[in-house]
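Engineer:
4 protein chains.
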Amino acid sequence: MTEPIAKGSSETGRVEAFSDGVFAIAITLLVLEIQVPQPEVTGHGSTLLPALLSLWPSYLGYLISFITIGIMWVNHHSMFVLIQRTDRYFLLISVFFLMCIAFLPFPTAVLAEYLADPKGRRVAVAFYSATFVLIALAYNAVWWYAARGGRLLHRKADREAVETISKRYLVGPVAYGLSFVLAFVNPWASLAVHGLLITFYILPVRKPTASRPAI
Amino acid sequence: MTEPIAKGSSETGRVEAFSDGVFAIAITLLVLEIQVPQPEVTGHGSTLLPALLSLWPSYLGYLISFITIGIMWVNHHSMFVLIQRTDRYFLLISVFFLMCIAFLPFPTAVLAEYLADPKGRRVAVAFYSATFVLIALAYNAVWWYAARGGRLLHRKADREAVETISKRYLVGPVAYGLSFVLAFVNPWASLAVHGLLITFYILPVRKPTASRPAI
Amino acid sequence: MTEPIAKGSSETGRVEAFSDGVFAIAITLLVLEIQVPQPEVTGHGSTLLPALLSLWPSYLGYLISFITIGIMWVNHHSMFVLIQRTDRYFLLISVFFLMCIAFLPFPTAVLAEYLADPKGRRVAVAFYSATFVLIALAYNAVWWYAARGGRLLHRKADREAVETISKRYLVGPVAYGLSFVLAFVNPWASLAVHGLLITFYILPVRKPTASRPAI
Amino acid sequence: MTEPIAKGSSETGRVEAFSDGVFAIAITLLVLEIQVPQPEVTGHGSTLLPALLSLWPSYLGYLISFITIGIMWVNHHSMFVLIQRTDRYFLLISVFFLMCIAFLPFPTAVLAEYLADPKGRRVAVAFYSATFVLIALAYNAVWWYAARGGRLLHRKADREAVETISKRYLVGPVAYGLSFVLAFVNPWASLAVHGLLITFYILPVRKPTASRPAI
Chain A
1 MTEPIAKGSS
11 ETGRVEAFSD
21 GVFAIAITLL
31 VLEIQVPQPE
41 VTGHGSTLLP
51 ALLSLWPSYL
61 GYLISFITIG
71 IMWVNHHSMF
81 VLIQRTDRYF
91 LLISVFFLMC
101 IAFLPFPTAV
111 LAEYLADPKG
121 RRVAVAFYSA
131 TFVLIALAYN
141 AVWWYAARGG
151 RLLHRKADRE
161 AVETISKRYL
171 VGPVAYGLSF
181 VLAFVNPWAS
191 LAVHGLLITF
201 YILPVRKPTA
211 SRPAI
Chain B
216 MTEPIAKGSS
226 ETGRVEAFSD
236 GVFAIAITLL
246 VLEIQVPQPE
256 VTGHGSTLLP
266 ALLSLWPSYL
276 GYLISFITIG
286 IMWVNHHSMF
296 VLIQRTDRYF
306 LLISVFFLMC
316 IAFLPFPTAV
326 LAEYLADPKG
336 RRVAVAFYSA
346 TFVLIALAYN
356 AVWWYAARGG
366 RLLHRKADRE
376 AVETISKRYL
386 VGPVAYGLSF
396 VLAFVNPWAS
406 LAVHGLLITF
416 YILPVRKPTA
426 SRPAI
Chain C
431 MTEPIAKGSS
441 ETGRVEAFSD
451 GVFAIAITLL
461 VLEIQVPQPE
471 VTGHGSTLLP
481 ALLSLWPSYL
491 GYLISFITIG
501 IMWVNHHSMF
511 VLIQRTDRYF
521 LLISVFFLMC
531 IAFLPFPTAV
541 LAEYLADPKG
551 RRVAVAFYSA
561 TFVLIALAYN
571 AVWWYAARGG
581 RLLHRKADRE
591 AVETISKRYL
601 VGPVAYGLSF
611 VLAFVNPWAS
621 LAVHGLLITF
631 YILPVRKPTA
641 SRPAI
Chain D
646 MTEPIAKGSS
656 ETGRVEAFSD
666 GVFAIAITLL
676 VLEIQVPQPE
686 VTGHGSTLLP
696 ALLSLWPSYL
706 GYLISFITIG
716 IMWVNHHSMF
726 VLIQRTDRYF
736 LLISVFFLMC
746 IAFLPFPTAV
756 LAEYLADPKG
766 RRVAVAFYSA
776 TFVLIALAYN
786 AVWWYAARGG
796 RLLHRKADRE
806 AVETISKRYL
816 VGPVAYGLSF
826 VLAFVNPWAS
836 LAVHGLLITF
846 YILPVRKPTA
856 SRPAI
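So the protein lines, in turn, are chains A, B, C and D. Residue 196 in my numbering sits at position 196 of the first sequence; the count goes up by one each step and never skips. To get my numbering, take the position in the second sequence, counting from 1, and add 215. To get my numbering, take the position in the third sequence, counting from 1, and add 430. To get my numbering, take the position in the fourth sequence, counting from 1, and add 645.
#1: Answer yes or no: do threonine 657(D) and isoleucine 746(D) have a C-beta to C-beta separation smaller than 7 Å?
#2: For alanine 353(B), count neighbouring C-beta atoms within 10 Å of its own C-beta (all shown protein chains included) and say buried if the count is 16 or more, exposed if not.
#3: Which residues does DSSP list as the beta-bridge partners of leucine 368(B)?
#4: Counting only Cβ pairs nearer than 8 Å, list the residues of chain B close to isoleucine 34(A).
#5: Along chain A, which residues have their Cβ under 8 Å away from the Cβ of threonine 498(C)?
#6: Taking all protein chains shown into account, do 16 or more other C-beta atoms lie within 10 angstroms of the C-beta of alanine 855(D), making it buried, or fewer, making it exposed?
#7: Once you ignore the five residues that flank tryptophan 358(B) on each side, which residues in its own chain have a CB closer than 8 Å to its CB?
#8: Hey, quick one: how far does the alpha helix (DSSP H) through glutamate 375(B) stretch, first residue to last?
#9: Tell me which same chain residues have a C-beta within less than 8 Å of the C-beta of isoleucine 679(D), skipping the five on either side of it?
#10: Could you confirm whether any beta carbon from chain B is found closer than 7 Å to the beta carbon of isoleucine 728(D)?
#11: Would you say leucine 694(D) faces chain C, with C-beta separation under 7 Å as the test?
#12: Is there a C-beta anywhere in chain D that falls below 7 Å from the one on histidine 409(B)?
#13: Listing by chain order, which chain C residues have their CB less than 9 Å from the CB of valine 110(A)?
#14: If you measure between the beta carbons of valine 133(A) and tyrosine 176(A), is that distance less than 7 Å?
#15: Check this for me: beta carbons of glycine 625(C) and valine 95(A), under 7 Å apart or not?
#16: Pairing CB atoms from the segment 768–778 of chain D with CB atoms from the segment 795–803 of chain D, are three or more of them under 8 Å?
#17: Taking threonine 42(A) as part of the alpha helix (DSSP H), name the residues at either end of that continuous run.
#18: Could you say which of Asn290(B), Ala232(B) and Ala398(B) lies nearest to tryptophan 73(A) if we only look at CA atoms?
#19: Can you check the segment 495–550 of chain C for any alpha helix (DSSP H) of at least 4 residues that lies completely inside it and give the ranges in chain order?
#20: Answer with buried or exposed for arginine 229(B), where buried requires no fewer than 16 other C-beta atoms within 10 angstroms of its C-beta.
#21: Using only CA atoms, which one of Leu307(B), Ala398(B), Thr243(B) and Val396(B) lies nearest to phenylalanine 318(B)?
#22: Taking Cβ positions, are alanine 362(B) and valine 338(B) nearer each other than 7 Å?
#23: Please report the straight-line C-alpha distance between valine 171(A) and leucine 743(D), rounded to a whole angstrom.
#24: Just to make sure I have the definition right: I need the residues of chain B whose C-beta is within less than 9 Å of the C-beta of leucine 674(D). Which are they?
#25: Only counting the same chain, and skipping five residues up and downstream in sequence, which positions put a Cβ closer than 6 Å to that of valine 726(D)?
#26: Given serine 495(C), which residues of its chain have a CB within under 7 Å of its CB, disregarding the five upstream and five downstream residues?
#27: Starting from leucine 485(C) and walking both ways along the alpha helix (DSSP H), at which residues does that stretch end?
#28: Exposed or buried, asparagine 720(D), counting other C-beta atoms within 10 Å across all chains shown (16 or more means buried)?
#29: For chain D, check one thing: does any of its Cβ atoms lie closer than 7 Å to the Cβ of tyrosine 489(C)?
#30: Look at the alpha carbon of valine 181(A) and the alpha carbon of proline 173(A), and state the distance between them as a whole number of angstroms.
#31: Are there 16 or more other CB atoms within 10 angstroms of the CB of threonine 844(D), so buried, or fewer, so exposed?
#32: Would the beta-carbon of arginine 121(A) fall within 7 Å of that of proline 50(A)?
#33: What residues from the segment 326–347 of chain B come within 8 Å of chain A, judged by C-beta to C-beta, listed N to C?
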């Protein structure tokens, strides 16, 4: 009885570790996009404080991107409680998903560079939201492939939980699609959708009970 | 009896691995902030030695940030000897904590750029210390959430050790708060507090005995 | 009976983890090569959209490099299902292989910089293909060393699978060699070979059956 | 009987994983120091090939640093076959060692920038060798702390192997010290010492026999 469990755990173990690696690196690289104010710009430090404050778009981009990836990591974690097996196509879809995650530092840097700029703001926010549409679609693809017909799930995976998760994940692409459209109308409203989604995904799928943990 | 233990270990396993990943990456990215002296500046190498020596603020920033994160990693390690379970909120607080850690290369680079500059030094050191106030608060939040009422701890977790750790961790925000204030008075004294805190946290909580290991 | 298995798994465990680390980092660093269009170039954002579109060589390089490394990671994963042991020379060959993988962000950046430029295109694509020739040869060396005479394989490793893999991996150096030569004739045809190889390696070695999983 | 073993393995597990993370990141960051030749310098690509060839000091630095860290990783791996336990001081010494490893991309970049330059070459090679003296000393400190009186070793650790390793590791600081001195006399001879050390550390400590694996 022990062997299949051990095998299953090692099977998803490596894709979990690899995903965690890409999550961790992409999330940590975000800071490299924040540029140190150069001495020529700050009068050799005499205006360093306002210069640091004027980097607020960089801090905001860092905050949204970091927390969103962080929550995705937490949910990815919940997902793999239910997934027991892997196969080639699952690994390949995971690679595609990770490619979208790893791309995020670039649109975040574009956002940071142009958010304070009325002429570039719309395109920058739209580009940022479009990346999240792609990430959310890829995230759903990973889950759909694993969950469809219970293909890669634990046999005992709670059916209700699986359906709740499926519905919940679908909110992502729709909401990010909305934020993409909103970017052309009002970039700030578009970013507000990102904030709302963070709040939505922080909430657990269901309250934990004595017999069932929160997922 | 075996299952809960195995489950527990795998439960904290992934958050430990992810934290270690972010710790390792943030700590290793610090070196990217040290700029190679350009050939135009060093007369094509004829003044390379003084140019390398004049980078001492970069080396100092690298040293303090690396060792402080390293010690935090060691203590994080000790913390997870006592923590057995995770839940969604714990993971989210951990994400917030890691966001603060991953931000550190930026204030370190600001420090390196302006430490030798009398006009920017105060703000640079204050910004650096302020980041550590945030890191220390987030670190305490991770511990408090897990330890409060023994929420996520091992049932057999040594109560005395838990209380000692709780007190000890509180030193961080207070001392870094002090170094933040000191930065405006005397930046060197402020950095000295960082050095003292490193010494403080290197010491074990209690001497190891035959029956109890150092923590 | 349990011990040898546990030992074997721990033996390859660390090289798998280290390889995964280098794979994950190299793949994630690719995004750093994409440069944010500067405000001076985009008229402070008024031409941000065309500026983002003109970065297509960067996106293409990111796409090909990411997916190719991703597939290599998946196949590396399949390889280690069959490999049970390690020795010093195997680890050293793995280090050499990882050195080639970790180098990839550089030729990818060269490709992105010169692909749209008729004068530099041939050399850039040839340099990119030459790197893949080296990667493919190193990948084969890792496998050959492990598989030759079953040196490091599981005793029960399916012989037919081993031979199929051996033949399949040989396609890599030959096809990348071809894409290297083609680069001087027609750089686009050379890149098309990269696309074909991605398709080829996505297909499983054999259809999974009830008794044998896909590899 | 099972528990102490499981505990021991998990005890060194996290420091091994963290070390592997820093090794993997430092090694992979090396490529970031290689600069893409800019279009202004290469006549928009017409002199791309000679420009890529003129980067040979970067390739050489990448090669030496990557392989040396890679071999250190392999030997670190052998070291942890013998080490069973950790304690606070061991972790702190490990942090110090990793700080030296993670610093390496900087002297490698300095070497790449000034190796082709007769005026800066001596200082660049000496700085590079000095870093390796530090790394080798820190590496020895990790081993000495663990091995002294068998402090953290397996009880059954082969005594002869422990002594052979101790002697072998001492070669590092001495040889790198020599290469440091040589840098001022003849930088190429100094780099040759790095090459010889790579060859020396590639050889196993002893031939594997039926009863004893190579270490």
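A virtual CB, placed ideally from N, CA and C, is assigned to each residue, including glycine. Keep in mind the model is a prediction, meaning the values are calculated, not measured.
Structural biologist: Per the coordinate set shown:
#1: no
#2: Result: buried.
#3: Ile298(B)
#4: Listed along chain B, the residues sitting closer than 8 Å to isoleucine 34(A) by beta-carbon distance are Phe321.
#5: Within chain A, no residue comes near threonine 498(C); the closest Cβ sits about 10 Å away, beyond 8 Å.
#6: Per-residue confidence for alanine 855(D) stands at a pLDDT of 48, beneath the threshold of 50, marking its modelled position as unreliable; no derived number is given.
#7: Met294, Ile380, Ser381 and Tyr384
#8: It spans 374–400 - the alpha helix (DSSP H) in which glutamate 375(B) sits, taken as one unbroken run.
#9: Leu700, Ser703, Tyr704, Tyr707 and Ala757
#10: No - not a single Cβ of chain B is within 7 Å of the one on isoleucine 728(D).
#11: yes
#12: no
#13: When 9 Å is used as the limit between beta carbons, valine 110(A) is near these residues of chain C: Val466, Pro467, Leu478 and Leu482, in chain order.
#14: yes
#15: no
#16: no
#17: Threonine 42(A) -> no alpha helix (DSSP H), and no H or E assigned at all.
#18: Ala232(B)
#19: 518–533 and 535–544
#20: Buried, because 16 or more other Cβ atoms sit within 10 Å of the Cβ of arginine 229(B).
#21: Thr243(B)
#22: No, the pair does not count as a contact, with Cβ atoms beyond the cut-off.
#23: Using only the alpha carbons, I get a separation of about 43 Å.
#24: Thr243, Leu244, Val246 and Leu247
#25: none
#26: For serine 495(C), where only same-chain residues beyond five positions count, the Cβ hits under 7 Å are Leu460, Leu534 and Thr538.
#27: Neither: leucine 485(C) is in no alpha helix (DSSP H) and is coded neither H nor E.
#28: buried
#29: no
#30: 12 Å
#31: exposed
#32: no
#33: Glu328, Tyr329, Asp332, Pro333, Lys334, Gly335, Arg336, Val338, Ala339 and Phe342
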